[in-house]
Amino acid sequence: MLTNFSLSAQLLEQHHEKYWLRPAPVQGVDSLQPVSFIGNYPILDLSQQAYQSQLQGIAEATSGTLFLVLKNQGDLSTERPLLQIGRFVIYTNKVLLDGQELSIDTINAKASILRLNFQARPNQPYTAPRVRINKDVQVSEIIFYERMLEPEQRRIVESYLAMKYSVNITENTNPELRDYLNIFKDKAWSSRLDALYNQEVLALGRLDTIGFYQSQTYSSDAQSISLSLQPEAEPGTMPELDLEDGSLLILSRKEHESAQQDCGSSPEVNTWKLRLINWNSTEPNLYLTLDTILDSTQQPLLTDGSTTIPLKTAELASRTQLAIPLNKIEASGDLYLTLGSPDLECDPLAKVLIRNCNRMDSTANQLYIQMQAEALPATLNLVNLNTKEALQTELNDPATLIGQLGAGQYQLSLHNNKRLLSDKVFQLGSCADDLLGSTTDKNAPFEINEGSPSWVVSALPGNGPSELNEESL
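Structure below.
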């Protein structure tokens, strides 16, 4: 079943969708009938009368906000329009509104979300509303509102479409419009805290108010990645499983997929980040299927920075499926998945020592970074996912000490222009002089404490201790 929620659901509390063109519920996909997908959903046959009448209604509108999920399977150099709906004429890299040109990102074979706003113009001459559809354009969903939506309202609709179709919206030219908002207006994916994990963002969950239900999903290309609560996933279907309303699961991937086979790179890479938001389901496992085969020496692991769980894998033709035991996870905070690291008999270019005051004779948590000269300068990204503090700074010295680190789950990434030098997830406890404390709710909205961190960053003289260990600091 493709959808199992009421079609009367609406995305915005105060504004109802005037027209909503979306895939109709189906029981399965006919393997003899060729079907093109965006994510887990088939494209719409816009020639159907039911869709044509709605498109005509949009074409007749004088103002409003229009959202489309689409891709272009044709020649990118063609001057022919992909789609015309009333006053809008959509090309591969531009939109004409009443003849006025608006630049857009190129619409190509990679699925994208297009948002168009328009309002009535005084003394606008009447032109007959027209709908034209190029055979090369493929559309999976169209949503139209009769009013100009506010920025936050637009972002809720875009986040819904992005989570449904796995279309990446993390690279919006406006940084404030890169976040994924869920129904509670929290940030299910935050550009400030999750920016390193911006290559893929996939979602499962159930949010009845907005009509969002996904027990399985695919990457937007409908083939390279699948995420499901059952081991076997068939494109275009949506198994009805035990999933509580309000549950949401976000899986995002960073650019560095695995550890490089060289001596200067990080020996481990936390490729995927898994965030569970109010997750409540009796389904025991989450299945991640990738279009790659792991090396026999690789052992995928799942960690929250305190506890590590080895993952079971299965080879399916030219794919690898990882089983993540959701029913056995008693983790605090986000979960990170590494595909395993190669064995390298050489010294890294960067070493990171984490001093937790709970384990050391110290009144404060500290982080010590020692780097070889050839690795400098390097960029450090450090995030406390509990307090929502984030630091990005350039390191130019061989030895750096970061102090006054409060309690919480931390995500650390250190890289230069050539390679990823260190990639860690760890947890720190409360200390005697911990000014931040540890009272922040890990499920609290991401707006909390989104200011400059209170951490103290200082360069140490020389190259630091010759032997980097807990006793040397």
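Residue numbers (this note's numbering): -7 to 465. Positions of the beta carbon are idealized from the N, C-alpha and C atoms, including for glycine. The model shown is predicted, which means the values in this text are computed figures rather than measured ones.
For residue i, does the three-state DSSP call read helix, strand or coil?
i	result
I242	strand
L318	helix
A16	coil
E381	strand
N401	The sequence shown places Gln at residue 401, rather than the Asn named in the question. Of the three classes helix, strand and coil, the one that applies to Q401 here is strand, per DSSP.
Q6	coil
R147	helix
Q40	coil
If we ignore side chains and look at the alpha-carbon of each, how far apart do residue i and residue j end up?
i	j	result
L368	A451	13 Å
F29	D128	14 Å
L75	K86	11 Å
R139	G56	4 Å
Q19	L60	Bear in mind that a pLDDT of 48 at Q19, under 50, signals an unreliable position, so the model cannot answer this.
D213	T312	17 Å
Y328	D389	29 Å
M363	N357	20 Å
L4	E236	21 Å
M230	L359	46 Å
Q384	W447	12 Å
N350	G421	6 Å
E9	V149	11 Å
N409	G400	29 Å
L374	A187	11 Å
Q2	I202	5 Å
D254	Q6	55 Å
A120	S69	29 Å
With 16 other CB atoms within 10 Å as the buried threshold, where does residue i fall?
i	result
D67	exposed
N378	buried
L221	buried
S45	exposed
P445	buried
L370	The residue you asked about is not Leu; residue 370 is Ala in the sequence shown. So A370 ends up on the buried side.
G78	buried
R147	buried
R72	exposed
V27	exposed
A180	buried
G429	With a pLDDT of 42 at G429, under the threshold of 50, the predicted position of this residue should be treated as unreliable, and no value is reported.
Determine the contact status of residue i and residue j, defining contact as a CB-CB distance below 9 Å.
i	j	result
P15	E133	yes
K416	Y402	yes
S414	V344	yes
S239	N277	no
L241	Y279	no
E275	D234	yes
L58	V131	no
L199	Y210	no
Pull the bridge partners of residue i from the DSSP assignment, please.
i	result
M140	Per DSSP, none; premise fails for M140.
H407	T371 and L412
I125	L75
M155	Beta-bridge pairing links M155 to no other residue.
R351	Partner(s): none; R351 has no beta bridge.
M230	DSSP lists no partner for M230.
So with Cβ pairs under 9 Å, would you call residue i a contact of chain B?
i	result
L38	Absent from the structure is chain B; it holds one protein chain and no more.
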